[in-house]
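Worksheet for the structure shown next.
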Amino acid sequence: MEANQQEVRIWAGNVEMEGMLDVPAAMNGVVLFAHGSGSSRHSPRNNFVARQLRERQLGTLLLDLLTPGEDRDPEARFDIRLLTERLAAARAWLGEEPATSNQRVGLFGASTGAAAALALAARDPDGIAAVVSRGGRPDMTGADALAKVTAPTLFIVGGNDEGVLELNQQAYAYLRCEKDFAIVPGATHLFEESGALENVALLATDWFVRHCRSLL
Numbered sequence: 033m034e035a036n037q038q039e040v041r042i043w044a045g046n047v048e049m050e051g052m053l054d055v056p057a058a059m060n061g062v063v064l065f066a067h068g069s070g071s072s073r074h075s076p077r078n079n080f081v082a083r084q085l086r087e088r089q090l091g092t093l094l095l096d097l098l099t100p101g102e103d104r105d106p107e108a109r110f111d112i113r114l115l116t117e118r119l120a121a122a123r124a125w126l127g128e129e130p131a132t133s134n135q136r137v138g139l140f141g142a143s144t145g146a147a148a149a150l151a152l153a154a155r156d157p158d159g160i161a162a163v164v165s166r167g168g169r170p171d172m173t174g175a176d177a178l179a180k181v182t183a184p185t186l187f188i189v190g191g192n193d194e195g196v197l198e199l200n201q202q203a204y205a206y207l208r209c210e211k212d213f214a215i216v217p218g219a220t221h222l223f224e225e226s227g228a229l230e231n232v233a234l235l236a237t238d239w240f241v242r243h244c245r246s247l248l
């Protein structure tokens, strides 16, 4: 059964972010998506994962962390501090929104969005229940911040995502929290291969169900 869907607008400083909140009838946690550079709340890959989460009674919030103008600016797209501040504003909004205020929050980050998700988890340990990085760039979070993450964290990387796989392995070593590392065999950076995205969705959903529900 599809969730109750509503378009939302969230202020972060003087910028208004557009997003889509989906709330299942019986919700057990909510997952905030942090898109990668050049992506948006309309990302077909993240929307695919979001649908699987909602099938397991997890709410989802997909939003554009950058304005259209900022998204055309390479500096803004790779500004992890800026992305983290925007993500923090969205997390605060979830804590005030009646439909989600009593829910634990997980973060699903892709590419540079994963770096922002981990940076937020490091500075807000009580506000984040779990983190999943899909083809992420956790190395851009920084070693000091990674060591401060306390939320259970899962890295999902394509087995053929050359360069990114190695960067994830290096960043993974800095984590001191409960953690796991999943390699999707034969997958490249966008998980476009047959069955790859389904594998990602299953891994991510199981992780969030396990950790968000257990904390309610």
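Take any residue in the sequence shown, note its place counting from 1, add 32, and you have its number in the numbering used here.
Backbone N, C-alpha and C define an ideal beta-carbon position, used for all residues, glycine too.
Original post:
Which residues bound the beta strand (DSSP E) around Glu50?
Top reply: If you look at Glu50, you'll find it in the beta strand (DSSP E) that goes 47-55.
Subject >> Bridge partners - Gly190, DSSP secondary structure assignment >> reply: Beta-bridge pairing by DSSP links Gly190 to Val216.
Original post:
In the structure shown, what three-state DSSP assignment does Thr132 receive?
Top reply: coil
Original post:
What does DSSP give as the partner residues of Leu141 in its beta bridges?
Top reply: In the sequence as displayed, the identity of residue 141 is Gly instead of Leu. In DSSP, Gly141 forms a bridge with Ala66, Ser165.
Original post:
Can at least three beta-carbon pairs, one atom from the segment 109-116 and one from the segment 77-84, be found at a separation below 8 Å?
Top reply: no
Original post:
Bridge partners of Asn36, per DSSP?
Top reply: BP columns for Asn36 point to Val55.
Original post:
For Gln38, does the count of other Cβ atoms within 10 angstroms reach 16, so buried, or fall short, so exposed?
Top reply: That one is exposed.
Original post:
Under the three-state reduction of DSSP, which class applies to Leu248: helix, strand or coil?
Top reply: With a pLDDT of only 38 at Leu248, under the threshold of 50, the placement of this residue in the model should not be trusted; the figure read from the coordinates follows. Coil.
Original post:
Helix, strand or coil: which one does DSSP assign to Ala44?
Top reply: strand
**OP:** Have a look at Ala147, Ala161, Phe223, Thr220 and flag the residue whose alpha-carbon is nearest the alpha-carbon of Tyr204.
**Re:** Here the closest residue by C-alpha is Ala147.
Subject >> Same chain, Cβ closer than 7 Å to Ser75, neighbours up to 5 away in sequence not counted >> reply: So the qualifying residues of the chain are His67.
**OP:** Along the alpha helix (DSSP H) that carries Leu199, what are the first and last residues, could you check?
**Re:** Here the alpha helix (DSSP H) through Leu199 covers 196-204.
Original post:
Among Leu186, Glu230, Leu97, Glu48, which one has its Cα closest to the Cα of Gly138?
Top reply: Leu186
**OP:** Using 10 angstroms around the beta-carbon of Trp43, count the other beta-carbons present and answer buried if the total reaches 16, otherwise exposed.
**Re:** exposed
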